[in-house]
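Asker: Numbering (my numbering), first residue to last: 75 to 376.
The beta carbon of each residue, even a glycine, is placed where N, CA and C say it ideally should be.
Given the structure is predicted, the values throughout are model-derived calculations rather than measurements.
1) What's the C-alpha gap between residue 234 and residue 330?
2) Just the C-alpha distance for residue 375 and residue 139, rounded to the nearest angstrom, thanks.
3) What runs of the alpha helix (DSSP H), each 4 residues or longer, lie entirely inside the region 303 to 351?
4) How is the beta strand (DSSP E) around residue 254 delimited, first residue to last?
5) Would you report the Cα separation of residue 279 and residue 314, rounded to the nearest angstrom?
6) Rounding to the nearest angstrom, what Cα-Cα distance links residue 287 and residue 205 in this structure?
7) Rounded to whole angstroms, what's the CA-CA distance from residue 85 to residue 297? Just pull it up for me.
8) Use the C-beta contact count for residue 261: other C-beta atoms within 10 angstroms, 16 or more gives buried, fewer gives exposed.
9) Is the region 198 to 213 in contact with the region 107 to 123, if contact means three or more CB pairs nearer than 8 Å?
10) Assuming contact is defined by CB atoms lying nearer than 8 Å, are residue 80 and residue 285 in contact in what I supplied?
11) Can you name, in chain order, every residue of its own chain whose Cβ lies under 6 Å from the Cβ of residue 90, other than the five neighbours on each side?
12) Determine whether the Cβ of residue 86 lies closer than 8 Å to any Cβ atom of chain B.
13) When you compare the CB positions of residue 283 and residue 152, do they come within less than 8 Å of one another, or not?
14) On a CA-only basis, which of 75, 327, 170 is nearest residue 93? Give me that one, please.
15) Please report how far the alpha carbon of residue 217 lies from the alpha carbon of residue 211, in whole angstroms.
16) Just the C-alpha distance for residue 130 and residue 136, rounded to the nearest angstrom, thanks.
17) For residue 84, which of helix, strand or coil comes out of DSSP?
18) From the DSSP secondary-structure annotation, give me the bridge partner or partners of residue 158.
19) Among residues of its own chain, excluding the 5 on either side of residue 251, which ones have a beta-carbon nearer than 7 Å to its beta-carbon?
20) Just checking my contact of residue 316 with residue 180 at CB under 8 Å: how many whole Å lie between their CB atoms?
21) For residue 248, which residues in the same chain have their Cβ closer than 8 Å to its Cβ, ignoring the five residues on either side in sequence?
22) Spatial neighbours of residue 88 within its chain, please: CB distance less than 7 Å, with the 5 preceding and 5 following residues excluded, ordered by chain position.
23) Roughly how many angstroms lie between the CA atoms of residue 290 and residue 157, to the nearest whole one?
24) Grouping DSSP H, G and I as helix and E and B as strand, with all else coil, what is residue 183?
25) Would you tell me roughly how many angstroms separate the C-alpha atoms of residue 110 and residue 104, rounded to the nearest one?
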């Protein structure tokens, strides 16, 4: 019997199957990094005595990872087989930060997942003000959706996207992710807590990803709060490819793909910056994130 992992907490899984939702055990041989089942994984189960046991974790189409909070080394798969990631940022309260927005987009781009930039709390600002900031991302080619749980703007469009498969919303505290979940489907955020609390899993409610079914047929993964949003396991030399507007110029520098786009002569990316084809804020984010990725690589090999 096959099923979809709704939640994983150590060796215990909750799996949606043709027979309904069942609890299953994950043998130790599957709990190594890269094989440990997470929300979104497809698994094959066998009945052994009174328990369902995982005998196979199917290959993943995609993964979304984050660095382990407070640690120099290590990362964790948050959720598997995601169809799109909603990057949620507030139009105000808190004010948007270009570097934070870019950091989140790079996190998604590095996982080769399609991002949807969700600009929430649009009711708190004048629409032209929000679009003057986030319009840059639309010009780059990102899909941007403006939402408000107060006025209802953008909620139907977000619901339609989320009903089409497995999605997840990521973003900083205060961006309004929980409110958006409840607006998409009333009571959804409450159900996230209730589902994980059943079976004695309550204390993990805020730390484990939870895949929650939507009444329209999709699933949403409520991920742990990203207390530390770092770049991890990203080759610094590949970071430039996570900026879509850089891609036409990659390989055109004098030093080809070895160029860091910071100080080398005849850099095609910096030339595009000088011509106004790359926004200064995006280039500054690249410099900051490149330095961070390089430090992370140095720490890994100490």
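Answerer: The relevant details are as follows:
1) Start at 1 with the first residue of the chain shown, and residue 234 comes out as number 160. Start at 1 with the first residue of the chain shown, and residue 330 comes out as number 256. The straight-line gap from Cα to Cα measures roughly 42 Å.
2) To locate residue 375, count along the chain shown from 1; it is residue 301. To locate residue 139, count along the chain shown from 1; it is residue 65. Straight-line Cα distance between these residues: approximately 20 Å.
3) 342 to 348
4) Stepping through the chain shown from its first residue, residue 254 is reached at position 180. Premise fails: residue 254 lies in the alpha helix (DSSP H), 251 to 258, not in any beta strand (DSSP E).
5) On the chain shown, residue 279 is found 205 positions in, with the first residue counted as 1. On the chain shown, residue 314 is found 240 positions in, with the first residue counted as 1. Model confidence at residue 279 stands at a pLDDT of 42, short of 50, so the residue's coordinates are unreliable; what they give is reported in the following sentence. Their backbone Cα atoms lie some 36 Å apart in a straight line.
6) Your numbering for residue 287 matches position 213 in the chain shown. Your numbering for residue 205 matches position 131 in the chain shown. Cα to Cα, residue 287 sits roughly 33 Å from residue 205.
7) On the chain shown, position 11 is the one that residue 85 refers to. On the chain shown, position 223 is the one that residue 297 refers to. Their Cα atoms are separated by approximately 19 Å.
8) Start at 1 with the first residue of the chain shown, and residue 261 comes out as number 187. So residue 261 ends up on the exposed side.
9) no
10) If you number the chain shown from 1, residue 80 lands on position 6. If you number the chain shown from 1, residue 285 lands on position 211. Yes. Within cutoff.
11) Translated into positions along the chain shown, residue 90 becomes position 16. Result list for residue 90: 77, 78, 80, in chain order.
12) The chain inventory of the structure shown lacks chain B, comprising one protein chain alone.
13) As a first step, residue 283 is located in the chain shown; it is residue number 209 there, counting from the start. As a first step, residue 152 is located in the chain shown; it is residue number 78 there, counting from the start. Yes; because the gap between Cβ atoms is below 8 Å, this pair is in contact.
14) Start at 1 with the first residue of the chain shown, and residue 93 comes out as number 19. Selected option, being the one with the closest Cα: 75.
15) Taking the first residue of the chain shown as 1, we reach residue 217 at position 143. Taking the first residue of the chain shown as 1, we reach residue 211 at position 137. Distance between the alpha carbons of residue 217 and residue 211 is about 8 Å.
16) Mapped onto the chain shown, residue 130 falls at position 56. Mapped onto the chain shown, residue 136 falls at position 62. Using only the alpha carbons, I get a separation of about 17 Å.
17) Along the chain shown, read from residue 1 onward, the residue named residue 84 stands at position 10. Residue 84: coil per DSSP, three-state reduction.
18) Within the chain shown, residue 158 is the residue found at index 84, counting from 1. Residue 158 pairs with 241.
19) Here residue 251 refers to the residue found at position 177 when the chain shown is read from its first residue. Hits under 7 Å: 162, 243, 245.
20) To locate residue 316, count along the chain shown from 1; it is residue 242. To locate residue 180, count along the chain shown from 1; it is residue 106. The pair is a contact, with the Cβ atoms about 4 Å apart (cut-off 8 Å).
21) Counting from 1 along the chain shown, the entry for residue 248 is found at position 174. Within the same chain, residue 248 has close Cβ partners 164, 167, 168.
22) Walking along the chain shown from the start, residue 88 turns up at place 14. Excluding sequence neighbours, residue 88 sits near 80, 81, 95, 97.
23) If you number the chain shown from 1, residue 290 lands on position 216. If you number the chain shown from 1, residue 157 lands on position 83. When rounded, the distance between both Cα atoms is 16 Å.
24) Here residue 183 refers to the residue found at position 109 of the chain shown. Three-state DSSP puts residue 183 in a helix.
25) Along the chain shown, one-based indexing puts residue 110 at 36. Along the chain shown, one-based indexing puts residue 104 at 30. So the alpha carbons of these two residues sit roughly 5 Å apart.
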